[in-house]
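Notes for the one structure printed next.
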Amino acid sequence: MARVRHEDGGAGRSKVASVDRGLLRTEREESAIEEASLRPRTMDEYIGQSALKRKLRVFVDAAKQRGEPLDHVLLHGPPGLGKTTMAQILANELGVRIHITSGPAVEHKGVLAGHLTALEAGDVLFIDEIHRLTPVVEESLYSAMEDGRIDLPVGEGNRARTMPFSLAPFTLVGATTRTALLGAPLRERFQIVEGLEYYADAELAEIVQRTARILKFTATDAGAAEIGRRSRGTPRIANRLTRRVRDFAQVRGRASIDRDDAQYGLGELGIDPEGLDAIDRRVLTAIVDLFDGGPVGIDALAATLSEPRDTLEDVYEPFLLQRGFLIRTPRGRQVTRKALAHLGRSTASGGGGDQGELPL
Ligand code: ADE
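Take 1 as the starting number for the sequence shown in my numbering and just add one per residue.
In structure tokens, the structure reads:
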């Protein structure tokens with residue numbers, strides 16, 4: 001079992017919540033222990049991402065056979081898909097400790113040095129939101145990753161200098177929402193670069209069943225399928241919806257979440273049949289009503305919605321793109337016919353919307 005050290009006192013992790021629809025923050029505060037108990041701890045328990053698991057299993061076995069630390073791993077993908085969970089599983093399967101921090105929490109080189117010098121041979125250092133490291137910190141990570149060395153400051157005043165310090169061999173696991181956010185020098189220092197994909201509805205249904213069981217409740221196959229289908233391809237959202245739908249079902253005196261309970265609870269939560277929530281619909285409606293259906297630049301859209309650009313790009317947009325509600329054109333984002341139909345509009349309002357040009 002991997003031993004976990006949260007090295008940043010949670011400060012960096014609340015930053016994750018800011019691009020994560022507030023789910024992470026509130027859920028963590030509400031039920032940190034419960035959340036931890038929902039996380040799968042082994043590759044076998046982990047549902048979905050089967051191609052990724054197959055590869056990582058081989059890399060872990062090979063490193064263990066050689067008695068070497070696993071090569072540095074970069075995991076990328078939208079929030080909530082299980083990057084942190086996968087890092088913990090890697091440490092667990094390697095039989096080493098994991099030290100957890102995040103880009104914003106590593107404020108200066110001294111903080112990084114503290115993390116690196118605390119590592120024992122083979123340990124995993126997990127840096128969430130690694131794209132948010134400052135350039136100075138990022139640069140000192142290079143020598144740590146490549147040469148297992150970090151330069152520590154010694155002495156003061158005009159006698160101040162740096163001394164190289166040898167680190168125990170370790171594995172860096174970095175997580176980022178998009179590899180494009182990372183400069184080439186850092187990206188190229190990872191020998192293993194893998195993406196996490198949105199989950200299939202059937203996988204999410206399985207996760208809902210597992211979560212309901214851990215929460216000591218049950219869901220029928222149809223109930224779990226309904227929650228899974230409306231979870232935006234994201235286990236963290238499936239888990240949050242399962243908890244909330246359980247509340248509705250329990251208060252209605254139901255023994256198990258069936259399809260009707262799921263539909264009722266999800267309706268109350270403002271999750272529509274396509275799994276879009278109020279903010280997704282606000283994004284689409286703003287493009288239709290204020291920008292004639294698009295194309296609109298991401299900055300104009302972010303300003304209109306009073307949402308940070310990063311949040312739009314990392315959290316809302318990937319799902320809307322993946323499900324065909326939105327397309328990206330060289331001139332900006334544009335809604336599709338499917339989005340118009342979903343919003344119950346036959347055409348974009350406003351003067352210039354030419355329905356003939358709208359993508360399918
Ligand atoms: N809980 C959250 N993500 C999960 C996953 N991928 N498999 C099983 N349980 C999960």
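From the three backbone atoms N, C-alpha and C, an ideal C-beta is built for every residue, glycine too. Keep in mind that this is a model prediction, so the values were computed, not measured.
query: Can you list, in chain order, the residues of its chain with a C-beta nearer than 7 Å to that of residue 152? Leave out the 5 residues immediately preceding and following it.; result: 113, 162, 163, 165
query: Express the C-alpha separation of residue 344 and residue 90 in angstroms, rounding to a whole number.; result: 46 Å
query: Assuming residue 206 and residue 47 make a contact with CB atoms under 8 Å, what is their CB distance in whole Å?; result: 5 Å
query: How close, in whole Å, do the beta carbons of residue 126 and residue 96 come, if the pair is a contact with beta carbons under 8 Å?; result: Contact flag wrong, Cβ pair sits at about 12 Å.
query: Hey, how far is the Cα of residue 262 from the Cα of residue 293?; result: 32 Å
query: Where does the unbroken beta strand (DSSP E) through residue 75 begin, and where does it stop?; result: 73–76
query: Just the Cα atoms here: how many angstroms apart are residue 61 and residue 133?; result: 31 Å
query: Are there 16 or more other CB atoms within 10 angstroms of the CB of residue 329, so buried, or fewer, so exposed?; result: exposed
query: Only counting the same chain, and skipping five residues up and downstream in sequence, which positions put a Cβ closer than 8 Å to that of residue 268?; result: 248
query: Evaluate residue 235 with the Cβ neighbour count: other Cβ atoms within 10 Å of its Cβ, from every protein chain shown; 16 or more gives buried, anything less gives exposed.; result: buried
query: Does the stretch 185–192 come close enough to the stretch 216–225 that 3 or more CB-CB pairs lie under 8 Å?; result: no
query: So the candidates are 55, 283, 304, 146; which of them puts its Cα closest to the Cα of residue 342?; result: 283
query: Would you mind stating whether residue 203 and residue 77 have Cβ atoms separated by less than 8 Å?; result: no
query: With a threshold of 7 Å (Cβ to nearest heavy atom), would residue 46 be considered close to the ligand ADE?; result: yes
query: Figure out for me which residue from 323, 56, 130 has the closest Cα to the Cα of residue 231.; result: 323
query: Can you tell me whether residue 108 is buried or exposed, with buried defined as 16 or more other CB within 10 angstroms of its CB?; result: exposed
query: Taking the alpha helix (DSSP H) that residue 314 belongs to, which residues open and close that run?; result: Here residue 314 belongs to no alpha helix (DSSP H), and DSSP marks it neither H nor E.
query: Does the ligand ADE have a heavy atom nearer than 7 Å to the CB of residue 92?; result: no
query: On a Cα-Cα basis, can you pick out the residue from 170, 38, 155 that is closest to residue 141?; result: 170
query: Candidates 339, 191, 115: which alpha carbon is nearest residue 70's?; result: 191
query: Alpha carbon to alpha carbon, how far is residue 176 from residue 74? Give it in angstroms, no decimals.; result: 8 Å
query: If we require 4 or more residues per run, which alpha helix (DSSP H) segments fall completely within the stretch 181–239?; result: 184–187, 201–214, 221–229
query: Please list the terminal residues of the continuous alpha helix (DSSP H) segment that includes residue 65.; result: 50–66
query: Can you give the Cα-Cα distance for residue 52 and residue 315, rounded to whole angstroms?; result: 22 Å
query: Confirm, please, whether the CB-CB distance from residue 319 to residue 233 is below 8 Å.; result: yes
query: Taking 7 Å as the cut-off, is the C-beta of residue 82 nearer than that to any heavy atom in the ligand ADE?; result: yes
query: Would you check if the distance between the CB atom of residue 244 and the CB atom of residue 295 is smaller than 8 Å?; result: no
query: Using 7 Å as the cut-off, classify the Cβ of residue 241 as near or not near the heavy atoms of the ligand ADE, replying yes or no.; result: no
query: Measuring CB to CB, does residue 312 end up less than 8 Å from residue 302?; result: yes
query: Within the continuous beta strand (DSSP E) that includes residue 163, where are the two ends?; result: 161–166
query: Drop a sphere of 10 angstroms on the beta-carbon of residue 139, count the other beta-carbons inside from all chains shown, and report buried for 16 or more, exposed for fewer.; result: exposed
query: Taking 7 Å as the line, does the beta carbon of residue 227 fall inside it for any heavy atom of the ligand ADE?; result: no
query: Hey, how far is the Cα of residue 29 from the Cα of residue 178?; result: In this prediction, residue 29 has a pLDDT of 49, which is less than 50 and means its spatial position is unreliable; nothing more can be read from the coordinates.
query: In three-state terms, what does DSSP make of residue 254?; result: coil
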